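Worksheet: one structure, shown below.
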Amino acid sequence: LNVKTIGKRIDDTTGGNVGVEPRVSIMYTEMVGRRGYSLERFVDLVSTNAARIMGLYPRKGALAPGSEADITVLDPGKRTIVRKEMLHESDYSPWEGHEVHVWPALTVLRGKIAMENGVLHAAPSDGRLLLRRISEDIRGGAML
Numbered sequence: 716l717n718v719k720t721i722g723k724r725i726d727d728t729t730g731g732n733v734g735v736e737p738r739v740s741i742m743y744t745e746m747v748g749r750r751g752y753s754l755e756r757f758v759d760l761v762s763t764n765a766a767r768i769m770g771l772y773p774r775k776g777a778l779a780p781g782s783e784a785d786i787t788v789l790d791p792g793k794r795t796i797v798r799k800e801m802l803h804e805s806d807y808s809p810w811e812g813h814e815v816h817v818w819p820a821l822t823v824l825r826g827k828i829a830m831e832n833g834v835l836h837a838a839p840s841d842g843r844l845l846l847r848r849i850s851e852d853i854r855g856g857a858m859l
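Under my numbering, the first residue of the sequence shown is numbered 716, with each subsequent residue one higher.
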């Protein structure tokens with residue numbers, strides 16, 4: 716919360732909230748753990764369909780020849796409570812105290828281990844600008 720309140724003007728305040736790190740765990744918990752979605756449907760919604768909506772499929776969102784093979788492995792043995800100490804961008808999270816049924820154990824970026832068991836192996840230079848084109852079908856219709 717301290718990070719959110721240091722700004723005195725609109726151009727020196729931070730926006731949003733901490734959500735990237737626990738997002739896939741929260742989505743899995745809600746979708747698979749509580750609502751009974753299949754793993755296939757979960758992957759379609761959070762990976763394949765998301766890549767299609769963003770104009771990145773099949774480069775992203777698929778494990779197939781010619782795709783970049785980015786993948787995050789979720790460990791169902793790491794059922795945990797989200798704590799702000801687990802997150803890196805803020806001293807506050809609305810997810811504090813939220814139980815999740817999985818936690819990321821491994822992330823592979825273009826075939827290279829980017830994170831394993833909470834240890835970051837990637838460098839900022841591993842990131843890339845992804846040029847994309849969102850199709851008219853997506854812009855003009857239902858997303859899912």
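Note that CB positions come from ideal geometry on N, CA and C, so glycine has one too. It should be emphasised that the depicted structure is a prediction, and the values quoted were computed from it without experimental measurement.
Residue i vs residue j beta-carbon contact at 9 Å
i, j, result
"Ile741", "Val797", "yes"
"Pro737", "Leu778", "no"
"Thr787", "Pro839", "no"
Whole-angstrom C-beta distance between residue j and residue i, which should lie under 8 Å
i, j, result
"Phe757", "Met746", "5 Å"
"His816", "Gly748", "4 Å"
Length of the line joining the Cα atoms of residue i and residue j
i, j, result
"Leu821", "Asp790", "9 Å"
"Glu851", "Gly734", "29 Å"
"Ser753", "Pro809", "27 Å"
"Ile828", "His836", "7 Å"
C-beta neighbour in chain C for residue i, strict 9 Å
i, result
"Asp759", "No chain C appears in the structure shown, which is made up of a single protein chain."
Collapsed DSSP secondary structure at residue i in the structure displayed
i, result
"Ile768", "helix"
"Lys799", "helix"
"Leu754", "helix"
Opening and closing residue of the alpha helix (DSSP H) in which residue i lies
i, result
"Val761", "Unbroken run through Val761: none, as it is neither H nor E."
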